[in-house]
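Visitor: Supplied in structure tokens, the structure appears directly below.
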DNA sequence: CAAACAAGTGAATCATGATTCACTTGTTTG
DNA sequence: CAAACAAGTGAATCATGATTCACTTGTTTG
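Protein chains in written order, with full-length UniProt numbering: chain W, 1 to 201; chain V, 1 to 201.
In structure tokens form, the structure reads like this:
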């Protein structure tokens, strides 16, 4: 009879892979993607380097996966804010605040995801997710323009600009942590003005 | 009597260095910083690799210098626009338009300067120049806030956000070149709204 | 011209991590 | 238990460009 993987082994393999991903993410949280070497992941996870290659085809696959998982959490949080009940302006405000607050909650990780120089493969994933963010904002901006609560504009361009503004404006505050509340509010206000909220009070 | 460099030799050395920088920049214009290898620079300039090391301590010094020279041209153009006669709004509009139009004039170079994944040394220079841009905008925004033609805001944050918005929003258009005029105008309008131009017409 | 020096050369070496692979250890089945 | 297989191992190898250095060529001076 042939060898067949038992549930126990399957379980262990899943745990091992997830352990490697956790080890990798914790390295990135501490030292950015520069700290993510196969050696470091292996020793952090308490296995040999060869073992890492049983779970990931190569380093790009591992780093990209770490990036993807961390970024998806952020995207989902922003997405949830944009889908809250409320006016277009209120939802955009919530999204900007969510993005900023979460970044301040894990500054090094935020920096790694947003701006650290990384391998081309990870950078490619970064561009993809910028487009994902952009698409989320674009939909809400388009809705606002159509319903007349935002000024006339090209939603796709405004959305990309918004993503750029949110990312770049946090770079300074992220490593000179001043008053996060004030920064968050200022960024939110910048975004609201930028999309031209029509105030009919 | 000791050997002493004659003016002719000094001349030739200056020309050689400038030739190497030209060769390097033309490589970047074509293929970004990824195309900037010492081998390529040497063969493009028609010299041996060893010669490159007589003019630049190492690769970082060369790439950083190429980046610096190209970026300074852009910074100066934006600076000039911001120092034009005219209202705060008009100057900010001119700056955004200048930035966009120049980017469309040399898309690959713009991409290399703005967003290409590069060595840490070049990336460090990039961060520096983002701060330079930011400082230019910050001064004008602060002026606008003080004179009451812009809404209340934190000039340093708004300035950084503006720089991020300009950079990010062009990334898409730069490689799917659509109608540059429309994009430029839309970016300008975004920036003007973002800084809260108070319209007292 | 020849001594003294600097510029130019490119094959060989180095540096940094990723990746491999021959081997060991653990699991499954009859 | 032993055959059949997969997981785990880490020292050795590889890949990619940067960098060096022993040597050649050109320049300057008396």
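C-beta atoms are modelled at their ideal positions from N, C-alpha and C, and glycine is treated no differently.
1) Pull up the DSSP beta-bridge partners for residue 150 of chain V, would you.
2) Among V:178, V:179, V:193, V:103, whose alpha-carbon lies nearest the alpha-carbon of residue 167 of chain V?
3) Okay, do the stretch 148-157 of chain V and the stretch 144-163 of chain W touch, 3+ Cβ pairs below 8 Å being the bar?
4) Contact defined as beta carbons within less than 8 Å: I believe residue 30 of chain W pairs with residue 108 of chain W. What is the distance between those atoms, to the nearest angstrom?
5) So the candidates are V:106, V:83, V:55; which of them puts its Cα closest to the Cα of residue 173 of chain V?
6) To which residues of the same chain is residue 203 of chain V closer than 6 Å at the C-beta, ignoring the five residues directly before and after it?
7) Smallest Cα separation from residue 159 of chain V: which of W:22, W:93, W:191?
8) Pull up the distance between the alpha-carbon of residue 184 of chain V and that of residue 97 of chain V, whole angstroms please.
9) Which residues bound the alpha helix (DSSP H) around residue 106 of chain V?
10) How should residue 175 of chain W be labelled, buried or exposed, when 16 other C-beta atoms within 10 angstroms of its C-beta is the threshold for buried?
11) Mind checking which residues open and close the alpha helix (DSSP H) that includes residue 159 of chain W?
12) Quick one: what does DSSP say residue 55 of chain V is sitting in, helix, strand or coil?
13) Go through the UniProt domain "HTH tetR-type" (14-74) of chain V residue by residue and report every complete run of the alpha helix (DSSP H) that reaches 4 residues or more, in order.
14) Quick check on DSSP: helix, strand or coil for residue 118 of chain W?
15) Comparing alpha-carbon positions, which option in V:179, V:115, V:135 lies nearest residue 75 of chain V?
16) DSSP state of residue 5 of chain V, grouped into three classes?
17) Please report the straight-line C-alpha distance between residue 66 of chain W and residue 27 of chain W, rounded to a whole angstrom.
18) For a contact meaning CB atoms closer than 7 Å, what does residue 174 of chain V contact in chain W?
19) What would DSSP say about residue 191 of chain W, mapped onto helix, strand or coil?
20) Can you find at least 3 beta carbon pairs, one from the stretch 37-57 of chain V and one from the stretch 77-86 of chain V, that sit closer than 8 Å?
21) Where does residue 84 of chain V sit, in a helix, a strand or coil, going by DSSP?
22) Residues in the same chain with beta-carbon distance under 6 Å from residue 138 of chain W, minus the five sequence neighbours each way, listed in chain order, please.
23) 8 Å is my cut-off, CB to CB: does residue 135 of chain V come that close to chain W?
24) Of all the options W:7, W:52, W:91, which has the alpha carbon lying nearest to the alpha carbon of residue 197 of chain W?
25) Which same chain residues, not among the five before or five after residue 56 of chain V, have their C-beta less than 6 Å away from its C-beta?
26) In whole angstroms, give me the CA-to-CA distance for residue 14 of chain W and residue 130 of chain V.
27) If we call anything under 8 Å between Cβ atoms a contact, is residue 118 of chain V one with residue 33 of chain V?
28) Going by CA-CA distance only, name the one from V:127, V:111, V:110 that's closest to residue 111 of chain W.
29) Would residue 165 of chain W and residue 165 of chain V be called neighbours here (beta carbons separated by less than 8 Å)?
30) Within 10 angstroms of its Cβ, does residue 116 of chain V collect 16 or more other Cβ (buried), or is it exposed?
31) Return the CA-CA distance between residue 58 of chain V and residue 38 of chain V, expressed in angstroms with no decimal places.
32) Between residue 69 of chain W and residue 21 of chain W, which are expected to be in contact by the criterion C-beta below 8 Å, what is the C-beta distance as a whole number of angstroms?
33) Check the Cβ-Cβ distances between residue 190 of chain W and every residue of chain V, and say whether any is below 8 Å.
Guide: Working from what's here:
1) V:197
2) V:103
3) no
4) 7 Å
5) V:106
6) Lying outside 1 to 201, the shown extent of chain V, residue 203 of chain V is not represented and no answer is given.
7) W:191
8) 6 Å
9) No alpha helix (DSSP H) contains residue 106 of chain V, which DSSP labels as neither H nor E.
10) exposed
11) 155-175
12) helix
13) 38-45, 49-55
14) coil
15) V:135
16) coil
17) 10 Å
18) By Cβ distance, chain W contributes nothing, its closest Cβ being about 11 Å from residue 174 of chain V, past 7 Å.
19) helix
20) no
21) coil
22) 155, 156, 159
23) no
24) W:91
25) 62
26) 43 Å
27) yes
28) V:127
29) yes
30) buried
31) 9 Å
32) 7 Å
33) yes
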